[in-house]
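In the working numbering, the protein residues as written are 155 to 499.
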């Protein structure tokens with residue numbers, strides 16, 4: 155599939171008499187993202203554009219979710235400023251953010267392939283709490299994310315380094331009915347997400363629920379804390395089908411989940427309690443977010459951390475200079491990742 159033409163909107167053009175296009179931030183098979191100036195509020199924002207001719211469209215779901223998150227003043231999510239379109243394309247305008255967590259990780263050590271890329275424990279605890287808060291609020295309004303990973307969280311723009319934003323709601327699915335009851339698991343479901351960060355349950359073809367999002371959150375935090383995950387050894391070849399790749403990850407993760415000690419390498423002991431809790435959750439069960447926060451704060455206090463300590467990417471942190479060179483924005487759908495997309499929702 156060819157990328158969307160990033161010249162769809164001309165630099166300097168004014169969209170709907172309010173947003174002036176400044177620059178292209180990214181383009182992929184499913185859309186393009188532009189930095190725009192809001193002529194009413196006089197601030198920079200991000201405009202996500204999607205062609206009406208695309209087979210797979212995600213903006214409709216993004217708008218639904220962002221509106222509901224904005225209504226409840228959700229923690230750690232972008233504000234929705236506008237929605238519009240014409241016969242050729244649709245767009246949404248939202249908070250412009252800084253580099254994704256994955257971009258920050260990749261900036262560690264520059265181009266040195268031998269440098270292990272991970273954050274300090276203090277910074278990881280900040281990210282763990284912030285990322286889980288965003289996920290908890292998404293679940294509160296009745297939606298699953300289904301693609302939690304470091305690429306789909308970003309920090310704020312300078313000087314808003316401590317803010318963390320959840321991104322890319324195009325694959326969300328409502329898990330509750332209008333009457334507030336939990337939907338039943340479908341017998342036949344297509345996989346949604348990214349194989350490396352997906353839960354072992356979803357890789358077996360099971361319907362995803364809140365527990366799967368939290369598993370992916372945990373894998374994301376472990377990855378940022380250690381620079382790897384136990385299934386990093388899974389060998390994939392170009393000629394492998396998607397099903398073969400999914401099965402390879404599924405088998406590896408299932409073996410590891412039978413002995414969680416493999417996940418615990420290099421982690422604080424409290425993470426074992428989080429793993430035990432997640433393993434006990436059924437399909438409709440609500441994760442005990444308060445308990446998980448408690449475990450994270452136990453680690454925080456035991457290490458005598460305080461909230462004034464600089465994060466790795468802040469001006470006083472070790473990564474600040476590398477952070478400045480990281481991409482300015484990461485709100486594009488993960489279009490290069492074919493496993494994230496499928497026909498059924």
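Glycine included, every Cβ here is placed at the ideal spot set by N, Cα and C.
Going by DSSP in three states, residue i sits in which element: helix, strand or coil?
i, result
"residue 231", "strand"
"residue 254", "strand"
"residue 382", "coil"
"residue 163", "coil"
"residue 465", "coil"
"residue 459", "coil"
"residue 261", "helix"
"residue 478", "Unreliable positioning characterises residue 478 in this predicted model, as indicated by a pLDDT of 43, which lies under 50. The coordinate reading is nonetheless provided below. Reduced to three states, the DSSP call for residue 478 is helix."
"residue 273", "coil"
"residue 440", "coil"
"residue 287", "helix"
"residue 432", "helix"
"residue 470", "coil"
Can you have a look at residue i and say buried or exposed, based on whether 16 or more other CB atoms are within 10 angstroms of its CB?
i, result
"residue 338", "exposed"
"residue 348", "buried"
"residue 396", "exposed"
"residue 448", "exposed"
"residue 248", "buried"
"residue 220", "buried"
"residue 445", "exposed"
"residue 197", "exposed"
"residue 261", "buried"
"residue 181", "buried"
"residue 413", "exposed"
"residue 461", "exposed"
"residue 177", "exposed"
"residue 488", "Legend: pLDDT at residue 488 = 37, less than 50; position of this residue unreliable, no value from coordinates given."
"residue 466", "buried"
"residue 234", "buried"
"residue 331", "exposed"
For residue i, which option in the options has the closest C-alpha, if you only look at C-alpha atoms?
i, options, result
"residue 367", "452, 422, 294, 403", "294"
"residue 308", "322, 297, 218, 373", "322"
"residue 404", "359, 301, 165", "359"
"residue 325", "317, 305, 301", "301"
"residue 185", "174, 211, 256", "211"
"residue 164", "356, 370, 351, 203", "203"
"residue 456", "218, 424, 387, 182", "424"
"residue 318", "231, 390, 341", "231"
"residue 453", "255, 278, 201, 235", "278"
"residue 422", "275, 270, 215", "275"
"residue 327", "340, 316, 463", "340"
"residue 209", "194, 222, 243", "243"
Identify every residue that forms a DSSP beta bridge with residue i.
i, result
"residue 198", "191"
"residue 174", "168, 191"
"residue 237", "246"
"residue 185", "182"
Any heavy atom of the ligand MN closer than 7 Å to the beta-carbon of residue i?
i, result
"residue 444", "Inclusion of the ligand MN in the displayed structure is not the case, the ligand content being empty and no account of it being possible."
- Message: Please give me, in chain order, every unbroken run of the alpha helix (DSSP H) with length at least 4 that falls completely inside the region 295-368.
- Response: 354-357
- Task: Would you list, in sequence order, the uninterrupted alpha helix (DSSP H) runs of no fewer than 4 residues that lie entirely inside the region 201-226?
- Result: 213-225
- Message: I'd like the ranges of any alpha helix (DSSP H) spanning at least 4 consecutive residues and lying wholly in the region 371-429.
- Response: 396-412
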